[in-house]
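Working notes, structure below.
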Amino acid sequence: MTIALAASGAFSAEPPFVEASADDEERIATFSEAARVWGGGMETAIEDAYRLCFKTFIVDGRVMNLRVPFAENHERDSLAESGWEFLGKGKSNSVALWPVIAAAFDTEDFSNYAEALKSGREQVVIFDIAARKWSVSQDIFDIARMKAGSYHGLPHRPYVLVQGNGIEPSDVYNYLYCIAWTGMDCSGFVWHTLSYIARRAGVNLGTQLRQAIGAPRGADPSFFAGTAFYNSKSREIISVNDAIKNLRPADILLFRAPDGSMAHSAIVQSVDFSRGIIRYLQSTDEAPLAERGVHESFIYFNPKRAGLSLKDASLEWSQKRFSPFPGEKSSAFSDDGQRYRAYGGGRVARLRAMAPVAAKLK
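Taking the numbering used here, the leading residue of the sequence shown gets 7, the next gets one more, and so forth.
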């Protein structure tokens with residue numbers, strides 16, 4: 007099996023893919039620049055940070071545009087005999103994650119995994135996350151139970167029904183999450199994005215906010231910039247009335263847990279007041295299979311009603327919510343709008359440190 011990193015705009019595989027020339031690569035790179043769509047400023051910087059979370063690989067002869075998986079410590083270890091820790095505790099940025107992901111592809115275990123997925127037969131892949139192992143069952147009863155919706159997996163031992171037609175991007179995601187222990191949690195992605203766009207303006211967010219987020223000297227600030235900080239009463243956090251008209255790029259959307267605390271965060275990339283579209287970015291695994299990990303989401307509103315709160319039920323939130331592995335208990339909410347309105351409603355926060363960044367980038 008050949009697994010190779012595909013360069014931007016070029017593929018180094020056999021035909022029908024033909025390697026592009028240097029001039030072709032330059033033209034493609036120019037055409038794909040975020041500034042062509044967003045025109046520069048904060049929107050472009052956020053989009054560039056988002057695109058760093060995607061990379062094109064050739065996996066077992068298939069070209070795949072992969073995304074950084076979601077990964078949150080202790081999300082699934084409640085029933086496991088031993089816990090585990092994702093690389094960087096879910097706070098690593100994409101620059102650190104991609105080499106580790108590429109190394110995971112270049113292992114005998116992954117080759118065996120990809121080979122098992124092209125058996126030509128229906129089968130159930132069983133992951134043991136704590137042990138970093140996988141196995142395959144072709145037992146007719148295991149298969150029948152999965153088809154009937156009788157899921158026998160556990161949080162730390164997810165079951166996945168596959169058709170045996172070869173590895174798909176969702177299968178790669180499952181391996182990276184369950185075996186390679188790689189990914190980025192929601193607040194890790196928000197911090198990755200904020201710190202990236204701040205560097206564009208010459209601001210080191212970690213240095214500037216180290217004391218506010220409680221990071222000891224010498225420690226990586228990204229490990230401490232969690233959702234609790236974005237929801238804190240720190241003077242570095244500006245609470246924003248969540249009327250649509252008040253939103254700006256780089257604002258942080260916060261979603262509540264049942265106990266009223268904030269359990270999830272996302273970041274606003276753009277607000278189009280003429281067309282009535284809010285685009286926000288997030289990392290979560292409660293999403294359609296093809297979107298688990300880092301992905302874009304949208305809120306649609308009537309441009310004439312920009313004074314509405316994000317809690318208004320008339321807004322259309324495009325992001326649907328599903329269980330991370332088919333067959334598991336479904337999300338309590340059908341879409342992000344329901345989740346934002348739940349438990350008293352979410353809130354919008356803004357980092358005070360981003361004001362000079364926005365001014366410089368503008």
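Note that CB positions come from ideal geometry on N, CA and C, so glycine has one too.
Problem - Anticipated Cβ contact below 8 Å, A249 with S315, distance rounded - result: Right, the Cβ-Cβ distance comes to about 6 Å (below 8 Å), so this counts as a contact.
Exercise for the section: Have a look at S280 and E297 and give me their C-alpha separation to the nearest angstrom. Expected result: S280 and E297 have their alpha carbons spaced roughly 27 Å apart.
Problem - Straight-line Cα distance separating G47 from A359 - result: Taking the straight line joining both Cα atoms gives about 16 Å.
Handout entry: Which listed residue (S143, R138, D115) has its alpha carbon closest to that of S88
Key = Relative to the Cα of S88, the nearest Cα in the group S143, R138, D115 belongs to R138.
Handout entry: According to DSSP, residues forming a beta bridge with A355
Key = Per DSSP, the beta bridge partners of A355 are S245, I258.
Exercise for the section: Starting from T290, follow its DSSP beta bridges and name the residues at the other end. Expected result: Beta-bridge pairing links T290 to G299.
Handout entry: C-beta contact flag for A136 and H162 at 8 Å
Key = A contact, by the Cβ cut-off of 8 Å.
Exercise for the section: With DSSP as the reference, please indicate the residues paired to N71 in a beta bridge. Expected result: N71 pairs with T62.
Handout entry: Cβ separation of A319 and G189, assumed to be a contact under 8 Å, to the nearest whole Å
Key = About 32 Å separates the two Cβ atoms, so there is no contact after all.
Problem - C-beta contact flag for R262 and A348 at 8 Å - result: Going by C-beta atoms, R262 is nearer than 8 Å to A348.
Exercise for the section: With a 10 Å radius around its C-beta and 16 neighbouring C-beta atoms as the bar for buried, classify T113 as buried or exposed. Expected result: Exposed.
Handout entry: Residues that A40 bridges to, as DSSP identifies them
Key = According to DSSP, which records beta bridges pairwise, A40 is partnered with nothing at all.
Problem - 7 Å Cβ shell around Q144 - same chain, five flanking residues per side excluded - result: If we look at Q144 and ignore the five residues flanking it on each side, its Cβ neighbours are R127, Q129.
Handout entry: DSSP three-state assignment for F133, whether helix, strand or coil
Key = In the structure shown, F133 sits in a strand (DSSP, three-state: E or B).
Handout entry: Sequence-distant residues of the same chain with beta carbon closer than 7 Å to A312, five excluded per side
Key = Cβ within range, chain order: I250, K251, F279.
Exercise for the section: Could you please give the first and the last residue of the uninterrupted beta strand (DSSP E) stretch that includes H270? Expected result: H270 -> beta strand (DSSP E) spans 268–278.
Problem - Whole runs of the alpha helix (DSSP H) within the segment 168–192, excluding any shorter than 4 residues - result: Fully enclosed alpha helix (DSSP H) runs of 4 or longer: 175–184.
Problem - DSSP three-state assignment for F23, whether helix, strand or coil - result: Because the pLDDT of F23 is 37, which lies under 50, any placement of that residue in the model is unreliable, and the question is left without a value.
Exercise for the section: Give a yes or no on whether the C-beta atoms belonging to S271 and L260 are separated by under 8 Å. Expected result: Yes, the pair counts as a contact, with Cβ atoms nearer than the cut-off.
Problem - Those runs of the beta strand (DSSP E) which lie wholly inside the segment 100–162 and span at least 3 residues - result: Given a length threshold of 3 residues, each whole run of the beta strand (DSSP E) inside the segment 100–162 is given here in chain order: 129–134, 139–143.
Practice task
Check whether the Cβ atoms of F133 and C59 sit closer than 8 Å, and answer yes or no.
Solution key: No.
Problem - Residue(s) in a DSSP beta bridge with V166 - result: In the DSSP output, where bridge partners are listed per residue, V166 has V131.
Practice task
State yes or no: is the C-beta of I149 within less than 8 Å of the C-beta of L160?
Solution key: Taking 8 Å as the cut-off, the beta carbon of I149 is found no closer than this to the beta carbon of L160.
Problem - Beta-carbon proximity check, G208 vs S201, cutoff 8 Å - result: S201 sits away from G208, with the two beta carbons spaced by 8 Å or more.
Practice task
Report the three-state DSSP secondary structure of K251 (helix, strand or coil).
Solution key: Residue state, collapsed to three classes: helix.
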